[in-house]
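Chemist: If you read the sequences in order, they're chains A and B.
Quick note: the first sequence uses our numbering, first residue 29, plus one each step.
Quick note: the second sequence uses our numbering, first residue 29, plus one each step.
Where is the CB? At the ideal position from N, CA and C, for every residue including glycine.
Predicted model only: the values in this text are computed from it and were never measured.
2 protein chains.
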Amino acid sequence: MLTYTLEGLPGEKLYSKLYGFLKNDIQSGALAAGTRLPSKRQFAENLGVSVITVENAYAQLISEGYIYALPKRGYFVSHGQQNGRPAACARQLPQPAPAREPAGAPLFDLAGSRTDPENFPFSTWAKLMRAVLSEQRADLMRNAPAGGVEALRLALADHLLAFRGMRVDPENIVVGAGTEFLYGLLVQLFGNKTVWAVEDPGYRKLSRIYESHGASCRFLPVDGEGLSVEALAESGADVVHISPAHHFPTGVTMSSARRLALLRWAEDAPERFIIEDDYDSEFRLSGRPAPPLTALDGAGRVIYMNTFTKSLASTVRISYMALPEALMRRFIERLGFYACTVPNLEQYTLARFIDEGFFEKHLNRMRIRYRKKRDALLEALLANDELGLKVENIHSGLHFLLRVPRVEETRLAACAAARGVRIVPLGAYYRTPPAATGPDAVFPVSYAGLRDEDAGEAARRLREAVREARGE
Amino acid sequence: MLTYTLEGLPGEKLYSKLYGFLKNDIQSGALAAGTRLPSKRQFAENLGVSVITVENAYAQLISEGYIYALPKRGYFVSHGQQNGRPAACARQLPQPAPAREPAGAPLFDLAGSRTDPENFPFSTWAKLMRAVLSEQRADLMRNAPAGGVEALRLALADHLLAFRGMRVDPENIVVGAGTEFLYGLLVQLFGNKTVWAVEDPGYRKLSRIYESHGASCRFLPVDGEGLSVEALAESGADVVHISPAHHFPTGVTMSSARRLALLRWAEDAPERFIIEDDYDSEFRLSGRPAPPLTALDGAGRVIYMNTFTKSLASTVRISYMALPEALMRRFIERLGFYACTVPNLEQYTLARFIDEGFFEKHLNRMRIRYRKKRDALLEALLANDELGLKVENIHSGLHFLLRVPRVEETRLAACAAARGVRIVPLGAYYRTPPAATGPDAVFPVSYAGLRDEDAGEAARRLREAVREARGE
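Below, the structure written as structure tokens:
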């Protein structure tokens, strides 16, 4: 078998060395065209390196045209590479195949949108998938309607009634591969002349997606009661996208008065709609539930939207929306030609997961876990009050607001980063930063992705960072 | 348990009868609010009807607010339904839950885009899925990059090299939940001020999707060599969407001269691109392969696109595109924030399916099967030549053109429909029907969805329809 000595200069990557050796031998003709290269596993064993090293070297050689792969057969030296000229379309890659984990990822990410993958009820999910695969073969091969398979829409309607007190006709539900995709469908439904209003501060992806579809956005202020309906009325927007149950990043729950004012705004003119993004309402950890706007909507102006990327796992790409009757008719007329983007297997599996009570159990378990995680983090953060830290809006969802007096927020973020803790100041979520941000530094703290055992250490480092940032 | 006698008037559906009984009893108070209804299975057994009958009745009662379902608990009578008024948001459904198969579906659909679900290698696919579920748990829980998981992109690059002679950098591949979704991504990539050109006649969904995203389309004529590049140059379009290997519906393969002219058109100005939609190139049944346009593209102006909805199954929603280097950079910059729309499970399963040689085997098997199906249909159609039928463009893809002299095409389609055979005249695929359609009626005949044993019968009925349409 091919053997190279890969002891490189310090700092030189192994795969890069291996790649260089192989390229030279191919160019010189030492490795003739058509030669079969060793399998990745055997080569790695022989050279005493990891399989990933060989994989990266091979990937780079493939992308530059020096070698090619044949399924089930292996890797072979390409023809016509012997004069040092790779084929026309080959090129020098700045980077080899992407590494498995981004380098320099923070140890403790308190500003991510990920949930802890350990929480996913993997075995139950896999068991249901196996059951669907063996019992529902015919269902799996039947094209789903644009809105999704019937079984899932029925399960979702039941779930919404039981958990949110909403009566939704299953036929008005549209299932899609993530909320990002559904936002795009809504732009198509309303047309890109429609003006969208989003919250400022807010979840920045929203406006990126709307603007990416050619729609224009207005950025409206949020106060302690939620989105300003006055600003909305003045903005000229037709559709407003909000998360009344739990605003990101401030954590505000919209007041009843504001909800009613918002519904009145929508009813005041035709073609005004509200998108109620209920992205983490499953995680009300304490306090009383607020009914969804959709339940108060007598005029058919509220589009309800939710996702399983937070409540189950970010790699389960299933979201859904419930449209008012008239909009559903419009959807079928204009967009009913689309195929549903979620595979039938995932749809039927989720339907069983809900119908057989696993989702309810999972949510109960998660609420307990997240409450524990939150409490551990709060306790460690607020231990002794000599730093004067304060927290707000802790009752719902998977983040709260941390208020740190007497510190500059970007400096604190930098000091935390140096300790492996990622926090992003509230100011970064503003499109138009407010004139005065107040005397305190404020950070939304997302704890869903934090491992249970890390809460104490993350808090300790963050407190250290506060001291350093203050020059103590 | 509740018992009703469901012997209805002739023509009255059982579920409708059951629905009526339950509604009456709820309105009259015979079934009190909160009463638990029998489980679907037990009720069905008791009444001697199918579970679907009970399901449909319950679904309609749910959608009208008379009853509600709780996961794992069952169906219950709603509150406040006793005076005959369903709740505010309930409504009379014109139809109950949709039937399993659309009524009046043709027996032999020769104009569908479906493939025969029987062909899907279900057991192999399910076996691989089970393996991925048990062996790649960590991979399944890791967020994929916007373009898709690395394993699948590597497998696709290998496949493209082996089957289409294309060298594609795996990092320039973008995986998405169906080509429909990818078209939408391209509109976002180029912006909706971009003018699109599509083929006329053509696959009508294309322009619907582009226009649905706010882009404008030009419809360009196709002759025996493919799309008219002259018309393209005059149209002012920036991006042209074609299927050079096998045009739908005419079946034309684009000539070499036309391919080169097309590439020159793209190179003549910045920001001109060609989308090469290779949707059924796997099914070249005879004749020599034409290289993909992408392989001739020295200037980075061709976007290659393909799908597994035809080559595997319409319910496997996985498609992909390979972008030229510069466009991939733009994709990452502008659209890299999107989550990949295909679940990791399906991505890893497909990667194994390709890597372990199953896809190649499957395609070989399919080509043999489709060739047999095509030949059986051709033989039965052309048996005795007294009808003067002619076929064209039979070598590639999953449809051919049928030319029927001395008959009016819409009349023939109607006569065929009366015999349970669905054919759609070529004229129906035109945006701008040509001034003179020629003396013959022409139909693209899609045979992929036809069951093997049905070819003879479908042909016999179609020939009968020709005789009737001619008044013979």
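Thinking C-alpha only, which one of B/Leu290, B/Pro249, B/Asp266 is nearest phenylalanine 276 of chain B?
Modeler: For phenylalanine 276 of chain B, the nearest C-alpha among the options comes from B/Pro249.
Chemist: Where does aspartate 413 of chain A land, buried or exposed, given buried means 16+ other C-beta within 10 angstroms?
Modeler: Per the 10 Å Cβ criterion, exposed.
Chemist: With distances taken Cα to Cα, identify the nearest neighbour of phenylalanine 387 of chain A among A/Pro134, A/Asn171, A/Ala190.
Modeler: That would be A/Ala190, whose Cα lies nearest to the Cα of phenylalanine 387 of chain A.
Chemist: Check the Cβ-Cβ distances between glutamine 120 of chain B and every residue of chain A, and say whether any is below 8 Å.
Modeler: Low per-residue confidence applies at glutamine 120 of chain B: pLDDT is 31, beneath 50, and the placement is therefore not dependable, though the value from the model is reported in the following sentence. It does not: the Cβ of glutamine 120 of chain B has no partner Cβ on chain A nearer than 8 Å.
Chemist: For leucine 313 of chain A, collect the residues of the same chain with a Cβ closer than 7 Å to its Cβ; drop the 5 residues on either side in sequence, then sort them by chain order.
Modeler: Closer than 7 Å at Cβ, skipping near neighbours: Arg395, Tyr398, Arg399, Arg402, His423, Ser424.
Chemist: Let me check understanding here. Comparing Cα to Cα, which of A/Gly455, A/Pro298, A/Asp167, A/Tyr231 lies closest to threonine 222 of chain A?
Modeler: The option with the nearest alpha carbon to threonine 222 of chain A is A/Pro298.
Chemist: Are threonine 377 of chain A and methionine 157 of chain A closer than 8 Å when you measure CB to CB?
Modeler: Yes, Cβ-Cβ distance for threonine 377 of chain A and methionine 157 of chain A is below 8 Å.
Chemist: Could you run through the stretch 339-352 of chain B and flag, in chain order, every residue whose CB is less than 8 Å away from some CB of chain A?
Modeler: Residues passing the 8 Å Cβ filter: Ala341, Ser342, Thr343, Val344, Arg345.
Chemist: Under a three-way DSSP split, which group does arginine 128 of chain A fall into?
Modeler: Low per-residue confidence applies at arginine 128 of chain A: pLDDT is 36, beneath 50, and the placement is therefore not dependable enough to give any value.
Chemist: Can you check which of these residues, A/Gly93, A/Leu214, A/Glu262, A/Ala487, is closest to leucine 415 of chain A by C-alpha distance?
Modeler: Closest option to leucine 415 of chain A, Cα to Cα, is A/Ala487.
Chemist: Taking Cβ positions only, does glutamine 216 of chain B come closer than 8 Å to chain A?
Modeler: True, the Cβ-Cβ gap to chain A drops below 8 Å.
Chemist: Would you be able to state if there are at least three C-beta pairs under 8 Å between the stretch 467-484 of chain B and the stretch 263-270 of chain B?
Modeler: Segments in contact, no.
Chemist: Which residues, in order along the stretch 264-288 of chain A, keep a beta-carbon less than 8 Å from a beta-carbon of chain B?
Modeler: Hits within the stretch: zero.
Chemist: Does leucine 351 of chain A pass the burial test, meaning 16 or more other C-beta atoms within 10 Å, or should it be called exposed?
Modeler: Burial call: buried.
Chemist: So, at 7 Å on beta carbons, what are the nonlocal neighbours of glutamate 295 of chain A in its own chain, with the 5 sequence-adjacent residues on each side left out?
Modeler: Once the five neighbours on either side are set aside, the close Cβ partners of glutamate 295 of chain A are Ala327, Arg329.
Chemist: When the Cα atoms are used, what is the spatial distance from leucine 138 of chain A to histidine 274 of chain A?
Modeler: Cα to Cα, the separation comes out at about 18 Å.
Chemist: Should arginine 69 of chain B be labelled buried (16 or more other beta-carbon atoms within 10 Å of its own) or exposed?
Modeler: The residue in question, arginine 69 of chain B, is exposed, as its Cβ has fewer than 16 Cβ neighbours within 10 Å.
Chemist: Counting C-beta neighbours from all protein chains within 10 Å, is the total for arginine 286 of chain A 16 or more, i.e. buried, or is it exposed?
Modeler: Answer is buried; the Cβ neighbour count reaches 16.
Chemist: Counting only Cβ pairs nearer than 9 Å, list the residues of chain B close to glycine 477 of chain A.
Modeler: None at all; the shortest Cβ gap to chain B is about 11 Å.
Chemist: Tell whether a beta-carbon distance below 8 Å holds between phenylalanine 359 of chain A and valine 202 of chain A.
Modeler: Going by C-beta atoms, phenylalanine 359 of chain A is nearer than 8 Å to valine 202 of chain A.
Chemist: Would you kindly check if the distance between the Cβ of glutamate 92 of chain B and the Cβ of glycine 279 of chain B is under 8 Å?
Modeler: No. Outside cutoff.
Chemist: Would a check of beta-carbon distances place histidine 390 of chain A closer than 8 Å to chain B?
Modeler: Not one chain B Cβ lies under 8 Å of histidine 390 of chain A.
Chemist: Hey, how far is the Cα of alanine 289 of chain B from the Cα of valine 257 of chain B?
Modeler: The alpha-carbon atoms of alanine 289 of chain B and valine 257 of chain B are separated by roughly 7 Å.
Chemist: Ordered along the chain, which non-local residues of its own chain (more than five positions away) have a Cβ less than 6 Å from that of arginine 181 of chain B?
Modeler: Hits under 6 Å: Pro198, Ile201.
Chemist: State the DSSP-derived secondary structure class of aspartate 305 of chain B, mapped to helix, strand or coil.
Modeler: Residue state, collapsed to three classes: strand.
Chemist: What residue from B/Thr81, B/Phe136, B/Ala445, B/Thr143 has the CA that sits closest to serine 342 of chain B's CA?
Modeler: Residue B/Thr143 is the option with its Cα nearest to serine 342 of chain B.
Chemist: Is it right to say glutamate 304 of chain A is buried, meaning 16 or more other beta carbons lie within 10 angstroms of its own, or is it exposed?
Modeler: With 16 or more Cβ atoms within 10 Å of its Cβ, glutamate 304 of chain A is classed as buried.
Chemist: Could you give the distance in angstroms between the alpha-carbon of isoleucine 270 of chain B and the alpha-carbon of proline 145 of chain B?
Modeler: Roughly 27 Å between the two C-alpha positions.
Chemist: Does leucine 417 of chain B pass the burial test, meaning 16 or more other C-beta atoms within 10 Å, or should it be called exposed?
Modeler: Classification of leucine 417 of chain B: buried, given that the 10 Å Cβ count is 16 or more.
Chemist: Select from the stretch 150-166 of chain A all residues with a C-beta closer than 9 Å to any C-beta belonging to chain B, and list them in chain order.
Modeler: Hits within the stretch, in order: Phe150, Trp153, Ala154, Met157, Arg158, Leu161, Ser162, Arg165, Ala166.
Chemist: Leaving aside the five residues before and after glutamate 253 of chain A along the sequence, list all residues of the same chain whose C-beta is less than 8 Å from its C-beta, in chain order.
Modeler: Answer for glutamate 253 of chain A: Val280, Met282, Ser283, Ala285, Arg286, listed in chain order.
Chemist: How would you call aspartate 251 of chain A, buried or exposed, if buried means at least 16 neighbouring beta carbons within 10 angstroms?
Modeler: It counts as exposed.
Chemist: Report the neighbours of glutamate 374 of chain B on chain A: residues whose CB is nearer than 9 Å to its CB, in chain order.
Modeler: By Cβ distance, chain A contributes Pro371, Leu373, Glu374.
Chemist: Assuming the contact rule is C-beta atoms closer than 8 Å, phenylalanine 301 of chain A and isoleucine 331 of chain A should be a hit. Round their C-beta distance to whole Å, please.
Modeler: Yes, they are in contact, since the Cβ atoms of phenylalanine 301 of chain A and isoleucine 331 of chain A sit about 6 Å apart, within 8 Å.
Chemist: For the stretch 298-375 of chain B, which segments carrying the alpha helix (DSSP H) assignment without a break, of at least 4 residues, lie completely within its bounds, in sequence order?
Modeler: Here the runs fully enclosed are 321-324, 336-339, 353-363.
Chemist: Please report the distance separating the alpha-carbon of threonine 438 of chain A from that of proline 453 of chain A.
Modeler: Approximately 7 Å between the Cα atoms of the pair.
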